[in-house]
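Visitor: Quick note: UniProt numbering has the sequence shown finishing at residue 85, numbered continuously throughout.
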Amino acid sequence: MLEMRPNCESCHCELPVDSTEARICSFECTFCESCASNWLNGQCPNCGGELLPRPRRPLEKLPKLSAPDESVAAPIANGATDSGS
1 MLEMRPNCES CHCELPVDST EARICSFECT FCESCASNWL NGQCPNCGGE LLPRPRRPLE
61 KLPKLSAPDE SVAAPIANGA TDSGS
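This is the structure:
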């Protein structure tokens with residue numbers, strides 16, 4: 001089943017399961033549309049794969065199939081992620 005990560009791995013903005021702004025690669029790395037287009041040129045910085053719109057999960061399925069709560073951050077060479085300093 002597709003993992004619905006709750007945030008952009010670059011700018012950390014929230015990406016709810018019904019968001020039209022989420023972009024993913026085939027490994028489910030998740031970015032917002034703005035980061036995917038403006039910083040990453042449609043290419044995943046982790047695997048080099050193509051970033052495409054993430055399918056939306058129907059809201060009526062959420063009680064049974066909840067999305068993960070933990071945020072994910074990817075180290076991106078352009079410095080778009082928080083380095084923790």
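Backbone N, C-alpha and C fix where the C-beta goes; we use that ideal spot for every residue, glycine too. Note that the coordinates shown come from a computational prediction; the quantities given were computed from them, not determined experimentally.
1) Suppose only complete runs of 4+ residues qualify. What are the alpha helix (DSSP H) ranges in the segment 4-61, listed by chain order?
2) Apply the 10 Å Cβ neighbour rule to Thr20 and answer buried if 16 or more other Cβ atoms are within range, or exposed otherwise.
3) Let me check understanding here. Comparing Cα to Cα, which of Cys32, Pro58 and Cys47 lies closest to Ser10?
4) Note down the Cα distance separating Glu3 from Ser34, rounded to an integer number of angstroms.
5) Find the nearest neighbour of Pro53 within the set His12, Glu14, Pro45 and Ser26, judged by alpha-carbon distance.
6) Taking C-alpha atoms, which residue in Arg57, Met1, Gln43 and Glu60 lies nearest to Ile24?
Guide: Working from what's here:
1) Listed in chain order, the alpha helix (DSSP H) runs fully inside the segment 4-61 are 33-38, counting runs of at least 4 residues.
2) Thr20 comes out exposed.
3) Nearest of Cys32, Pro58 and Cys47 to Ser10, Cα basis: Cys32.
4) Their Cα atoms are separated by approximately 21 Å.
5) Looking at the Cα atoms, Ser26 is the closest of the given residues.
6) Checked all of Arg57, Met1, Gln43 and Glu60; the closest Cα to Ile24 is Gln43.
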